[in-house]
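S.K.: Numbering (UniProt numbering), first residue to last: 1 to 302. Below you'll find the structure I mean.
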């Protein structure tokens with residue numbers, strides 16, 4: 001793993017019933033902490049929290065199918081949908097509980113980007129398992145802006161999701177992943193060259209980029225979208241978790257997951273401990289150095 005800076009971890013692979021292998025990290029001992037990434041990232045984005053927490057916690061960090069170091073099957077073998085992602089997470093956690101001694105309860109769930117809908121849909125299936133929540137520039141409810149993106153995002157979203165040009169940008173040029181790791185789209189400060197290379201390494205070939213495109217195409221904006229029923233159901237299920245200890249960390253310069261989404265989280269979780277970073281973007285952990293990491297460590301240790 002030397003090609004990935006600050007990622008000195010042992011790789012594990014879980015074989016799903018379909019025969020597809022999912023890569024994950026399982027570092028440390030203690031209360032379990034489940035970290036769920038979004039699009040277009042992978043478990044590498046959680047490297048600093050794992051390094052900071054594994055002395056006292058068991059850090060479980062999966063790569064979604066088709067991303068990171070997991071298998072990237074064709075669509076004849078895998079359906080790249082929100083529901084499939086939730087099923088994958090459910091199967092992995094059950095495997096760790098039944099075969100690798102993970103506890104049935106007491107899980108802290110940390111979520112970023114698509115990790116919110118995936119993680120909270122999993123939590124809604126097993127509310128007794130979840131003890132704490134950590135929310136980082138994500139959503140798990142319908143878009144507070146309604147069924148359309150804000151005007152500045154409508155054209156890019158349409159181009160990427162619904163056109164042949166968008167498909168070429170995704171599959172031939174890896175444009176989405178490249179933009180997401182560049183200022184001002186995903187971060188405000190340029191990532192170190194080796195760190196950005198690590199983020200992009202799993203998508204170095206066109207055949208490994210399909211999952212990124214499918215995540216964008218699966219964004220649920222209204223009842224006509226495939227992922228909408230599950231997102232709507234997940235949003236309704238959030239109320240049962242509102243009494244849990246919750247930490248919200250938010251980069252205010254996120255161009256997509258904006259302040260309106262943060263406001264909705266705070267409305268639904270009024271007792272949450274919230275830390276807002278005015279000079280951070282979508283990749284909160286990259287832009288805030290140790291600041292949010294310190295808050296996370298303190299939250300988990302009390």
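Heads up, the beta-carbon is just placed ideally off N, CA and C, and yes, glycines get one too. Remember, predicted model here, so these are calculated numbers, not experimental data.
Rounded C-beta distance between residue 72 and residue 214? I'm assuming under 8 Å.
M.R.: Going by Cβ atoms, the distance from residue 72 to residue 214 rounds to 11 Å, so no, they are not a contact pair.
S.K.: Out of 55, 33, 61 and 35, state which residue places its alpha-carbon closest to the alpha-carbon of residue 25.
M.R.: 61
S.K.: When the Cα of residue 109 is compared with those of 171, 239 and 247, which residue comes out closest?
M.R.: 247
S.K.: So, with DSSP's three-state summary, where would you put residue 270?
M.R.: In the three-state reduction of the DSSP assignment, residue 270 falls in the coil class, being assigned neither a helical nor a strand state.
S.K.: Compare the Cα-Cα distances from residue 196 to each of 287, 276 and 269 and report the closest residue.
M.R.: Taking only the C-alpha atoms, the option nearest residue 196 is 287.
S.K.: Reducing DSSP to helix, strand and coil, say where residue 218 ends up.
M.R.: coil
S.K.: Take residue 1 and list the residues in its own chain whose beta-carbon comes closer than 8 Å to its own, dropping the five residues that flank it on each side.
M.R.: Residue placement at residue 1 cannot be trusted, given a pLDDT of 42 that sits under 50; what the coordinates show is reported in the next sentence. Same-chain partners within the cutoff: 7, 8, 9 and 11.
S.K.: State buried or exposed for residue 22, treating a residue as buried only when at least 16 other CB atoms are found within 10 Å of its CB.
M.R.: buried
S.K.: Beta-carbon within less than 6 Å of residue 45's beta-carbon, same chain only, minus the 5 sequence neighbours each way: which residues are those?
M.R.: 37
S.K.: Opposite residue 249 in the DSSP bridges: which residues?
M.R.: 136 and 275
S.K.: Measuring alpha carbon to alpha carbon, tell me which residue in 43, 115 and 207 is nearest residue 133.
M.R.: 115
S.K.: Per DSSP, which one or two residues make a beta bridge with residue 22?
M.R.: Per DSSP, the beta bridge partners of residue 22 are 14.
S.K.: Report the partner residues of residue 112 according to the DSSP bridge assignment.
M.R.: BP columns for residue 112 point to 136.
S.K.: With the cut-off set at 8 Å, would you say residue 264 and residue 144 are in Cβ contact?
M.R.: In this structure, residue 144 lies closer than 8 Å to residue 264 by Cβ.
S.K.: Is there contact between the segment 225-239 and the segment 134-142, where contact requires at least three CB pairs shorter than 8 Å?
M.R.: Taking 8 Å as the limit for Cβ pairs, the verdict is that the segment 134-142 does touch the segment 225-239.
S.K.: List the residues that DSSP assigns as beta-bridge partners of residue 62.
M.R.: 24
S.K.: What is the residue span of the beta strand (DSSP E) that residue 32 lies within?
M.R.: Counting along the chain, the beta strand (DSSP E) containing residue 32 begins and ends at 32-36.
S.K.: If we count the other Cβ atoms within 10 Å of its Cβ and call it buried at 16 or more, is residue 94 buried or exposed?
M.R.: exposed
S.K.: Is there a Cβ of chain D sitting closer than 8 Å to that of residue 218, yes or no?
M.R.: Within the model displayed, chain D is absent; a lone protein chain is all it includes.
S.K.: I need the straight-line Cα distance from residue 13 to residue 42, nearest angstrom please.
M.R.: 15 Å
S.K.: Pull up the distance between the alpha-carbon of residue 250 and that of residue 185, whole angstroms please.
M.R.: Straight-line Cα distance between these residues: approximately 15 Å.
S.K.: Are residue 308 and residue 212 closer than 8 Å when you measure CB to CB?
M.R.: Nothing can be reported for residue 308, as the shown portion of the chain is limited to 1 through 302.
S.K.: Under the assumption that residue 260 contacts residue 266 (Cβ atoms under 8 Å), give the Cβ distance between them as a whole number of angstroms.
M.R.: Contact between residue 260 and residue 266 does not hold, since their C-beta atoms are separated by about 11 Å, which reaches or exceeds 8 Å.
S.K.: Is the beta carbon of residue 69 closer than 8 Å to that of residue 202?
M.R.: yes
S.K.: Could you pull out every residue in the same chain whose Cβ sits closer than 8 Å to the Cβ of residue 242, ignoring the five residues on either side in sequence?
M.R.: 268, 269, 270 and 271
S.K.: Compute the Euclidean distance between the alpha carbons of residue 200 and residue 64, then round it to the nearest angstrom.
M.R.: 15 Å
S.K.: Give the single residue among 138, 54 and 15 whose Cα lies nearest to the Cα of residue 99.
M.R.: The option with the nearest alpha carbon to residue 99 is 15.
S.K.: Judging by CA-CA distance, which residue of 124, 131 and 82 is the nearest neighbour of residue 105?
M.R.: 131
S.K.: Taking the alpha-carbon positions, what's the residue 136 to residue 234 distance?
M.R.: 17 Å
S.K.: Let me make sure I understand the geometry here. Which of 47, 183 and 18 has the alpha-carbon closest to that of residue 198?
M.R.: 47
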